[in-house]
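With my numbering applied, the sequence shown has no gaps in its numbers, which climb one by one up to 349 at the end. For glycine and all other residues, C-beta sits at the position ideal for the given N, C-alpha and C. The structure under discussion appears below in the form of structure tokens.
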Amino acid sequence: MTAVGIRLLELSLVFVFFLRSLTGASEALPGKWELRAPMPSARTEVAAAELGGKIYVMGGYEKNGDLVEEYDPAKNIWRRRASLPRPLHHIGAAAVDGKIYVIGGYMSGQGSTDSVYEYDPSTDRWRARSPLPTARGALAVGVIAGKIYAVGGVGANGKNTTANEEYDPAQDRWVRRAPIPTPRDHHAIGVVNGKLYAIGGRINGRHDRSITENEEYDPATDRWRPRTAMPTVRSGIVAASLNGQIFVFGGESGSGTHNETESYDPVKNNWRRWAPMPTARHGLGAAIIGQSIYVISGGPKPGATFSSVNEVFTP
């Protein structure tokens, strides 16, 4: 080959690599992540809830296990609030009518609990409410029409429960509903258009037995049905519903800790990939402010690891 031929070949290769770089850029996953002020404490296996434009991160693994910290996104600052009545981790949390409810969870060294506590931010006080009919930890909760649905988890016997129990805060009363078809723990729940979606999770607390199942519950008919499974096998995840989609973040499995961001569209019954989390984590909390989702705390490595990370995702 002549010198001219070699030069032309070199230029051709440069052009090919240039085109590939453009293609790679065009295939970049959508969504934007930004870093915010870290939580004062490093924790994992927390729960988070939004109320009045503030985010409350509760419980989890740390020195005392009863911490409650409030984040103000507008000012990007944190402050301590009244501690939980007892140390708890792997809890469910939901906000209804100006109050936050912390449901179930594990008590360190004592297994699953049936406790339910109500927090009033206007007085910074907690009070006990009617207990869960089925004691359990690593459950997931969702709110539909002012009622809280507590689904799945690990029961007092250390095994998964199919329990699906509905709580009416106005009446302080629990009602048993149709059991979830696939018992699991460390799963996530999203709510769209009056229906609840139980996504992912694991079998009997084993992260190496994580699953992808996605099951829809309609409280109007008290029935479940299977939907398209999550693309990535993972548990220890968190979900938040925004613009008719359920966004699922992080988690862990037998392959390690995950940074995936995937969303489920109930209307199309399909999934979409988004820009991954900057910091892979499991046992994290999430809450929505405006058009953004704040993803806070969690373990960066499998097992009991801790972080104070506060990252915000905007689709």
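- Item | Beta-carbon separation (whole angstroms), Ser269 vs Gly285, contact threshold 8 Å | Sure, about 6 Å apart at Cβ, within 8 Å.
- Message: Helix, strand or coil for Gly176? Go by DSSP, reduced to three states.
- Response: Reduced to three states, the DSSP call for Gly176 is strand.
- Query: In three-state terms, what does DSSP make of Thr291?
  - Reply: Looking at Thr291 - three-state DSSP - the assignment turns out to be strand.
- Task: Mind reading off the beta-carbon distance from Arg77 to Tyr95? Whole number of angstroms is fine, and I expect it under 8 Å.
- Result: At roughly 6 Å, the Cβ-Cβ gap stays under 8 Å, so Arg77 and Tyr95 are in contact.
- Taking buried to mean at least 16 other C-beta atoms within 10 Å of its own C-beta, is Val301 buried or exposed? Burial call: exposed.
- Query: If you count every other CB in all the chains shown that lies within 10 Å of the CB of Asp219, and 16 or more means buried, which is it?
  - Reply: Buried, because 16 or more other Cβ atoms sit within 10 Å of the Cβ of Asp219.
- Message: Tell me which residues share the same chain as Thr350 and place their Cβ nearer than 6 Å to its Cβ, disregarding the 5 neighbours each side in the sequence.
- Response: Only positions 35 to 349 of the chain appear in this structure, which leaves residue 350 out of reach.
- Residue ranges of each beta strand (DSSP E) within the segment 136–191, 3 or longer: If we require 3 residues or more, the beta strand (DSSP E) runs fully inside the segment 136–191 come out as 150–154, 159–162, 174–178 and 181–185.
- If we count the other Cβ atoms within 10 Å of its Cβ and call it buried at 16 or more, is Gln279 buried or exposed? Result: buried.
- Query: What are the uninterrupted segments assigned as beta strand (DSSP E) that are 3 or more residues long and contained completely in the segment 69–114, given in chain order?
  - Reply: As far as the segment 69–114 is concerned, its whole beta strand (DSSP E) runs of at least 3 residues are 81–85, 88–92, 102–106 and 111–114.
- On the DSSP bridge assignment, give the partners of Gln279 in chain order. Bridge pairing for Gln279: Leu276 [DSSP].
- Query: Can you round the beta-carbon distance between Arg261 and Asn303 to whole angstroms, since I take them to be within the 8 Å contact cut?
  - Reply: About 6 Å separates the beta carbon of Arg261 from that of Asn303, a gap short enough to meet the 8 Å contact definition.
- Task: Can you give me the Cβ contacts of Pro64 inside the same chain, cut-off strictly under 8 Å, excluding the 5 residues immediately before and after it?
- Result: Excluding residues within five positions, the ones whose Cβ falls inside 8 Å are Trp308, Ala309 and Pro349.
- Task: On a CA-only basis, which of Ser326, Arg236, Val343 and Ala179 is nearest Gly333? Give me that one, please.
- Result: With distances taken between Cα atoms, Gly333 lies closest to Val343.
- Task: Count the other C-beta atoms from every protein chain shown that fall within 10 angstroms of the C-beta of Ile245, then say buried if there are 16 or more, exposed otherwise.
- Result: Ile245 sits buried, since 16 or more C-beta atoms from the chains shown fall within 10 Å of its C-beta.
- Please report the residue range of the beta strand (DSSP E) in which Ile327 lies. Start and end: Ser326 to Ile330.
- Message: So, does the segment 163–173 touch the segment 136–153, judging by three or more C-beta pairs under 8 Å?
- Response: Segments in contact, yes.
- Query: Looking only at its own chain, which residues have a Cβ that is under 6 Å from the Cβ of Pro253, when we skip the five neighbours before and after it?
  - Reply: Counting only residues of its own chain and dropping the five nearest sequence neighbours on each side, Pro253 has a CB closer than 6 Å to the CB of Ile178.
- Message: Counting C-beta neighbours from all protein chains within 10 Å, is the total for Glu199 16 or more, i.e. buried, or is it exposed?
- Response: Glu199 counts as buried, since no fewer than 16 other beta carbons sit within 10 angstroms of its beta carbon.
- Query: Does DSSP classify Gly224 as helix, strand or coil?
  - Reply: If DSSP states are grouped into helix, strand and coil, Gly224 belongs with the strands.
- Tell me which same chain residues have a C-beta within less than 8 Å of the C-beta of Gly180, skipping the five on either side of it? Taken in chain order, the residues that qualify are Val130, Asp131, Asp202, Pro203 and Ala204.
- Closer than 6 Å by C-beta to Ile237: which residues in its own chain qualify, once you throw out the five before and the five after it? Chain order, please. Only Arg243 meet the Cβ criterion.
- Task: Compute the Euclidean distance between the alpha carbons of Ala81 and Ala62, then round it to the nearest angstrom.
- Result: A direct Cα-Cα distance of roughly 31 Å separates Ala81 from Ala62.
- Task: Classify Ala59 as buried or exposed, calling it buried when 16 or more other Cβ atoms lie within 10 Å of its own Cβ.
- Result: Confidence is the limiting factor: at Ala59 the pLDDT is only 38, short of 50, which leaves the residue's position unreliable and the question unanswerable from this model.
- Reduced DSSP secondary structure (H/G/I, E/B, other) of Arg210: In the structure shown, Arg210 sits in a strand (DSSP, three-state: E or B).
- With distances taken Cα to Cα, identify the nearest neighbour of Ala193 among Gly145, Asn248 and Phe340. A small fix is needed here, since residue 193 is Lys in this sequence, not Ala. Comparing Cα-Cα distances from Lys193 to each of Gly145, Asn248 and Phe340, the minimum goes to Gly145.
- Message: Suppose the cutoff is 8 Å on Cβ atoms and the five residues either side in sequence are ignored; what does the same chain contact list for Arg159 look like?
- Response: Here the set comprises Ala116 and Tyr153.
- Are Gly143 and Ile125 closer than 8 Å when you measure CB to CB? No; because the gap between Cβ atoms is not below 8 Å, this pair is not in contact.
- Task: Please classify Val209: is it buried, with 16 or more other beta-carbons within 10 angstroms of its beta-carbon, or exposed?
- Result: Counting the other CB atoms within 10 Å of its CB gives Val209 a total below 16, which places it among the exposed residues.
- Task: Just the C-alpha distance for Val329 and Pro265, rounded to the nearest angstrom, thanks.
- Result: Going from the Cα of Val329 to the Cα of Pro265 covers about 20 Å.
- Message: Pull the bridge partners of Ser269 from the DSSP assignment, please.
- Response: For Ser269, the beta-bridge partners assigned by DSSP are Glu286.
- Range covered by the beta strand (DSSP E) that runs through Thr348: DSSP places Thr348 inside the beta strand (DSSP E), whose first and last residues are Asn344 to Thr348.
- Query: Should Asp100 and Leu85 be called a contact, given that it needs their Cβ atoms to be closer than 8 Å?
  - Reply: Taking 8 Å as the Cβ cut-off, Asp100 and Leu85 do not qualify as a contacting pair.
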